[in-house]
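Comments concern the structure below.
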Amino acid sequence: MSHLAVNLSMIFTEVPLIERFALAHAHGFQHVEIQFPYELEIFDIQAQLNQYNLSLCLINAPAGDLMQGGNGLAGVPGLETTFHQALELAISYATALNVPRINILAGKQPLDADLLPCLNTLASNLKLACHMLTEHHIEPVFEMINGTDMPRFLIQNIAQGQEMLEAVNHPALKMQYDCYHMAMMGEDVLAGLQENIHQIGHIQFADCPSRHEPDTGNIPYKQIFDWLLQSDYQGIIAAEYRPKEHSDQSFAWKQKYFSNDVNT
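Numbering (the working numbering), first residue to last: 22 to 285.
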């Protein structure tokens, strides 16, 4: 049985992050994910998870300056020590909060760097992540992000994700599959899931092209969710969208597609 989660970094942004756990609970979720939880102390997150009987199913490792328009960490030659420190911080949060999965963002090819050294650095850093995370029984995942929203991102499509899996060659490493990013790259979202499901450790969704909730764009979510719910995928299916209007009014999809079939 799959598990449904809500992303607290992109949904319920009408209130501060510390207040979003209560809203997730109020909307019937048992699982939440946070892109970068490091603005909050571990103790404060734990208190919210305990109070609202929630599990934190995914966090990202710190990504340096990536979200501020920089190149990030994992694929940038020369920043290996900083990446190692970022992993240690992520592990400290994940172990304390029982987070089973950490996403490593590849980052961008710097304007003054060749592509191959960046990909080699990324593969080496992902190997390190596999070693460090599996020691704590944490699954490492990495995400393909479309090149329109994030130009020069090192891993943008399914083929590139598959190539990186082969380069790292570690059984613990999986892809994080974001339906929105794949649609933005022109991928067949459903076929991509069907062909790669056993190499996917985490699934996220938003509609395309505006990255709002399902049924606001052109991704055929009925087909996708129907297939996922009858597949043998056991992982998380996470809502990671920007609500078209108010967050509270963005959950029609939950009743429509998941009213009886998943552990929310």
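Backbone N, C-alpha and C fix where the C-beta goes; we use that ideal spot for every residue, glycine too.
None of these values were measured; they are calculated from a predicted model.
- Per DSSP, phenylalanine 42 lies in no beta strand (DSSP E) segment; the continuous alpha helix (DSSP H) that holds it begins and ends at 41 to 47.
- Residue Leu118 holds the alpha-carbon nearest to the alpha-carbon of isoleucine 66 among Glu208, Leu118 and Lys277.
- Taking the Cα positions, glutamine 177 is about 15 Å away from proline 131.
- Per the C-alpha coordinates, the member of Ile166, Met171 and Ile55 positioned closest to isoleucine 123 is Ile55.
- Phenylalanine 272 sits buried, since 16 or more C-beta atoms from the chains shown fall within 10 Å of its C-beta.
- Rounded to the nearest angstrom, the gap between the Cα atoms of leucine 194 and serine 145 is 13 Å.
- The continuous stretches of beta strand (DSSP E) do not include methionine 153, which lies in the alpha helix (DSSP H) extending over residues 136 to 155.
- In the DSSP assignment, the residues bridged to asparagine 28 are Glu54.
- Taking C-beta separations shorter than 7 Å and ignoring five residues to either side along the sequence, the partners of methionine 153 in its chain run Leu108 and Ile112, following chain order.
- In the three-state scheme derived from DSSP, where H, G and I count as helix and E and B as strand, glycine 182 is classed as helix.
- If you check the CB distance, glycine 168 and alanine 127 do not come in under 8 Å.
- Taking the Cα of glutamine 215 as reference, the smallest distance to any Cα among Met205, Cys200 and Met206 is reached at Cys200.
- Counted as a single uninterrupted DSSP element, the stretch harbouring glycine 91 is not any beta strand (DSSP E), since DSSP gives it neither H nor E.
- When the five nearest sequence neighbours on each side are left out, the beta carbons in the same chain lying within less than 7 Å of the beta carbon of serine 231 are those of Thr237 and Gly238, in order along the chain.
- DSSP places histidine 219 within a helical segment (H, G or I) once states are collapsed to three.
- The C-alpha of phenylalanine 50 lies about 14 Å from the C-alpha of glutamate 261.
- Residue state for glutamate 35 is assigned as coil, using DSSP reduced to three classes.
- With fewer than 16 other beta carbons inside 10 angstroms of its own, threonine 102 counts as exposed.
- The Cβ atoms of isoleucine 179 and histidine 202 do not sit closer than 8 Å to each other.
- In this structure, Ala26 is the residue among Ala26, Glu266 and Lys243 with its C-alpha nearest to the C-alpha of histidine 52.
- DSSP links arginine 122 through a beta bridge to Glu160.
- When Leu77, Gly93 and Thr155 are compared, the shortest CA-CA separation from proline 172 is found for Gly93.
- Collapsing the DSSP output to three states places aspartate 199 in a strand.
- Under the three-state reduction of DSSP, asparagine 71 is assigned to helix.
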